[in-house]
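Notes follow the structure.
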Amino acid sequence: MLVRPAGECLPKSHSEPLQRGITLVLFAVGDAFMVILGAHMSIAGGYDKAVLRAREAGCDCVQVFTKNNNQWRAKEITDADVRRFRAALDEHQVSHPLSHASYLINLASPDQELWQKSLDAMVVELRRAEQLG
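Here's what the structure looks like:
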C-alpha cells in the first residue's frame with residue numbers, strides 16, 4: 393500500500409485539484425492501481441460520525457485520531473464505540489479506516505524519559521487502532 397499526501401497525488405480529474413487534507417491510498421493490483429479517496433475526519437460526537445462525514449465528503453476511506461492528538465491520556469474506547477464505528481463503516485461503505493497517531497509521540501527523542509513516554513503512547517495508539525479495526 394502506498395499512501396501519499398494530496399499535494400503529491402493526482403487530482404480526481406484533469407481539471408479538479410485535490411483539496412488540502414485529502415489523501416489518496418493506492419493499492420497495487422497486478423500491474424494496475426486501485427485508488428481509494430479519503431480524508432482525515434473529526435471524531436467529535438463519536439468515531440461513527442467521522443465515517444458519516446467521510447461519506448458525505450465523497451470519501452471511500454477515513455482517517456481519524458483515536459484520541460485527542462495533543463494529550464498523552466486517552467478516554468477508553470468502549471465496545472459500544474467499536475460496534476457503532478464498524479456498523480457505520482459497513483452502512484456507509486467506507487473502507488480502509490486509518491489511524492493517525494498523536495502529535496506528541498517522538499520515537500527519535502534523545503531524552504530518555506520522553507522517548508519512553510512516546511514508546512508507551514505508540515503502543516497505546518496501535519492497540520486503539522486495532523480495537524477499532
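The sequence shown begins at 393 in this note's numbering and counts up by one. Glycine is no exception: its CB is placed at the ideal position from the N, C-alpha and C atoms. Values in this document were obtained by computation on a predicted structure and should not be read as measured data.
Tell me which residues share the same chain as residue 408 and place their Cβ nearer than 6 Å to its Cβ, disregarding the 5 neighbours each side in the sequence. Locating residue 408 in the sequence shown gives position 16, where the first residue counts as 1. Here the model assigns residue 408 a pLDDT of 40, short of 50, so the residue's position is not dependable and the matter cannot be decided.
Under the rule that 16 or more other beta-carbon atoms within 10 Å means buried, what is residue 481, buried or exposed? On the sequence shown, residue 481 is found 89 positions in, with the first residue counted as 1. Classification for residue 481: buried.
Classify residue 446 as helix, strand or coil using the three-state DSSP reduction. Along the sequence shown, one-based indexing puts residue 446 at 54. Note: residue 446 maps to helix in three-state DSSP.
Name the two residues that bound the continuous beta strand (DSSP E) containing residue 490. Start at 1 with the first residue of the sequence shown, and residue 490 comes out as number 98. Unbroken beta strand (DSSP E) run through residue 490: 490–492.
Rounded to whole angstroms, what's the CA-CA distance from residue 433 to residue 493? Just pull it up for me. On the sequence shown, residue 433 is found 41 positions in, with the first residue counted as 1. On the sequence shown, residue 493 is found 101 positions in, with the first residue counted as 1. Distance between the alpha carbons of residue 433 and residue 493 is about 14 Å.
Do you know how far the Cα of residue 467 is from the Cα of residue 503? Mapped onto the sequence shown, residue 503 falls at position 111. Mapped onto the sequence shown, residue 467 falls at position 75. Answer to the nearest angstrom: the Cα atoms are 26 Å apart.
Taking the beta strand (DSSP E) that residue 454 falls in, what are its first and last residues? Taking the first residue of the sequence shown as position 1, residue 454 is located at position 62. From DSSP, the beta strand (DSSP E) with residue 454 extends over 453–457.
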